[in-house]
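Below you'll find the structure, written out as structure tokens, and then a few comments.
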Amino acid sequence: MIEELGYGASVNRQRFGVLLAGVFVWASPLLVGQETVAARGGGDAAATPLTEEQRKELDRHRVVITDSPAGSKSRRMMAESLLELDFPSRIDVAIDLLAALDGAPEAICEAIVAVGMNRPGQLDDRLVDPLLDLLGHERAELSNKAVSALSAFRDIKVADQLGALASDASRPIGARVAAVEALARSTDRREVVKVLVTLTWQENRAVVAKVLDGLRQASRYDFGDDVGQWRSWWSRKDHLSEDVWLRDRLDLEVLHRRGLRAELDAHERRTGARRQLVATRIDELLRMNYLLTPQGQRETMLQRLLSDAMEEYRLFALGVVRERIAEGDSPGAGVREAVKVCLADSSAAVRVAGLEIVGNLKNPDDAAAVLDLLAVERDASARETAFRVLGSLKNPTAIPALVSELTDPSSPVGCVREAANALGSLGGQGQVASAIGPLRKRFAEAPANDLRLRESLLGAMALLGDPAFQPEFVANLRSDSPELLLKAIRGVEVVEAKDQLDALLDHLNHADPRVRQLAAKAVGTLGSDQAHLAGLIARLNPDVEDNEGVRNAAWEAFRAVLSGHFRNPPSLLLESAARLDRLPDRQIDLLEEVISDWVVSNNVPAQVLTDAREELVRLLAAGEKHTEAIPHLHQLWQDYQAAQDREAAGATRMRLVRACLRGGRIDPMIENISEVASQADADGRLEIADVVMEHLESKLDAGEASELRSLLERFEAGFPEGSLGPGWSDRLQDISARIPAESN
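For the sequence shown, the working numbering gives the first residue as 2, with consecutive numbering after it.
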């Protein structure tokens, strides 16, 4: 509730000050009904005569308060000082000034309000009558300030005087209405509300209307113009005890503040929308003008806009430059220099936009301009952007400034984060030894609940990759924060902390897929034993791991652990492939890679290579991957031919023929079948012809007439008479004749 009471416009701050004053009055009877020596009693006339020094001081106050060039703020401050003087005649001077011209009365009224809010005991009731005379003044502003001043007095006598003035039909209506307004400013006080209710019996409609406006401020409900209901409402409130009344007023003030806050929020939204609309229109007009400008003149136009007095123009030009860079169109030297001039702009938004462009241009030499900006920049957003840009410029001359930001205990957290990130980006530039100690120290001092800061610091350590950071990496491998954990895993990997492999393997089961993926990568970097493969294999299975990125990382890690096939015995590699029996596609990929490496190394026994190819062909056939199996079957056939294993060669020859036919690619089919047929005996050629005919018969039975006709034409051209045994052409003609007539 206190937060809500502390929010609102200046009028409500005055209302709340008055309200709290009422609470103090209720809590301490010593504050009411007693007159201070300075403000009550005999008055200034009966006080000790002024000394010469005091007279000069009063004259000095009078001169400033009545001096127009002094400015309203200076005059109001001097008037407040006058009321706080502790020697005689100050009130006489204030009364004289209330009747003066040229702004002096306004200054005294404002001072009364300030003193009344902070030190109500210093107000003198002799100021009341001169203030009453100002109500309804021809200068409306002065009348309003007198209303505010009178509302600062807490004495019931002042409320009665205001009520009497409002009831006096002989007084001008403006003064009467202003008196009601002064009462309405203090509706937290029950005696004031009572006076307002009494005024509902007035005959003047303007007075009564103003009274009802005041009562609405005192009530949760609006009874409109029904004075009877307002009187009934007061009869209920009048019986409340003082503490209940004050609590009721506080609650009501909260409601008022909420309403004002809602109105302010709505106003700010409307204003923001209008500003955005104006900015959009300006941007549209500038863009149209830019597009209508000849290509050769656009650079000059941008330079002019970048130095324009209007911030919106400079921001537009910076936006165009940023767009051009994104499209690969680098600006000319003149525009680049104009952008760097924007780093000293009076607008933080312009400086930020300029910095972002400097970062996009990635010219290391621009680091000097950014460092010059940091030396004087105070805007947090601009400083954060500057540190981020220094990281992208990759200039090691920025390292001292980045380290300085890390070691500055007064630096905003956002700036420390960006400085740490920039240091990490500069890790490959050398000269970062000076950052190691400060990074470790700042990380040790970082609050445990400031995860973003800790993440940035640990992330910078991981990017720098110095072994000195290993304790921080290891300590955070058990962090509950996924972000910290990611940084720790990267760090453990880069410093090659192989003793942490067990922890990395545990993280293959982490709830966050990013952690699982990075842990898999780290295992691939650090792992070497078969024992490290089990967790990776589980992550390869889509039934276990639903994230494709994790599966791919696990596969790369699996291959990495098995890398260096020259060092591993063939049996171990084949055993590893066999462990992928539930993942035939991965098994195929691994066998293809293993076989390729063995062929290149040429140090694996022929039988081992043959067995691996046989297993690969089996997997491809089981997966209906006939085209992929063809080159492996062809190699197997050649291997069996070379080994003079006629039985295996013959069986493989027929497997190759069937794979070619099922693969469906005509040219490789004809080429491979022709090759094996040319080296087969008569029985072998006849067997090939029979298999080919079976394939053609299946096409005929399936009604695939169009494809069948195409195959017949290619077979007639590709396999001349006799190449597949006697009667080959007749057999093709027989198939052709049996194709349904409607398909011919």
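Using N, Cα and C, we set each Cβ at its ideal position, and we do this for glycine too.
In the three-state scheme derived from DSSP, where H, G and I count as helix and E and B as strand, G333 is classed as coil.
Contact check for T386 against L424 fails: the beta carbons are separated by 8 Å or more. Rounded to whole angstroms, the separation of the alpha carbons of H633 and G726 is 26 Å. Take the alpha-carbon of I671 and the one of V618: they are about 20 Å apart. Cβ neighbours of L253 within its own chain (closer than 7 Å, five residues either side excluded): R221. H635 is classed as buried because its beta carbon has at least 16 other beta carbons within 10 Å across all chains shown. Comparing alpha carbon positions, the residue from R587, R323 and I109 closest to R91 is I109.
Of P514, V414 and R418, the smallest CA-CA separation from A554 is found for P514.
Scanning the segment 624–680 from its first residue to its last, the whole alpha helix (DSSP H) runs of 4-plus residues come out as 627–643, 647–664 and 667–679.
For V193 and E269, the gap between their C-alpha atoms comes out near 34 Å.
Counted as a single uninterrupted DSSP element, the alpha helix (DSSP H) harbouring L197 occupies residues R191 to T199.
Around the beta carbon of E714, fewer than 16 other beta carbons lie within 10 angstroms, which makes this residue exposed.
Rounded to the nearest whole angstrom, the C-alpha separation of G260 and T272 is 18 Å. In the three-state DSSP reduction, G320 falls in the helix class (H, G or I). Three or more Cβ pairs closer than 8 Å define a contact, and the segment 461–477 meets that threshold against the segment 490–502.
The three-state reading of DSSP puts G225 in coil, since its state is none of H, G, I, E or B. Closest in alpha carbon position to V359, among R337, A469, S152 and A349, is R337.
Note on P50: under 16 other CB atoms within 10 angstroms of its CB, so exposed under the neighbour-count rule.
Annotated as distal: R647 and V692, with beta-carbon spacing of 8 Å or more. Rounded to the nearest whole angstrom, the CA to CA distance from R352 to A345 is 7 Å. In this structure I589 touches L621 by the C-beta definition: roughly 6 Å separates them, less than 8 Å. Close CB contacts of Q218 within its chain, under the 8 Å cut and outside five residues either way in sequence, are with A185, T188 and H257 (chain order). In this structure, the beta-carbon distance from L697 to I736 falls below 8 Å. Take the alpha-carbon of R155 and the one of R250: they are about 16 Å apart. Approximately 7 Å separates the beta-carbon atoms of L534 and R580; this is inside 8 Å, confirming the contact.
Straight-line measurement puts the Cα of A512 at about 54 Å from the Cα of E695. Within a 10 Å sphere around the beta-carbon of L573 sit fewer than 16 other beta-carbons, which makes this residue exposed.
Given a length threshold of 4 residues, each whole run of the alpha helix (DSSP H) inside the segment 702–732 is given here in chain order: 706–719. Proximity of the segment 407–414 to the segment 366–376 falls short of the contact definition, fewer than three beta-carbon pairs being nearer than 8 Å.
The C-alpha of L286 lies about 25 Å from the C-alpha of G329. Closest by C-alpha distance to S168, out of A180, V159, A738 and V321, is A180.
Taking a contact to require three or more Cβ pairs closer than 8 Å, the segment 119–127 and the segment 98–108 do not qualify as touching. Between K146 and E182, the gap from beta carbon to beta carbon reaches 8 Å or more. Ranked by Cα distance from D503, the options L537, A703 and E473 are led by L537. Look at F154 here: in three-state DSSP terms it is coil, with no helix or strand label. When DSSP states are grouped into helix, strand and coil, A354 belongs to the helix group.
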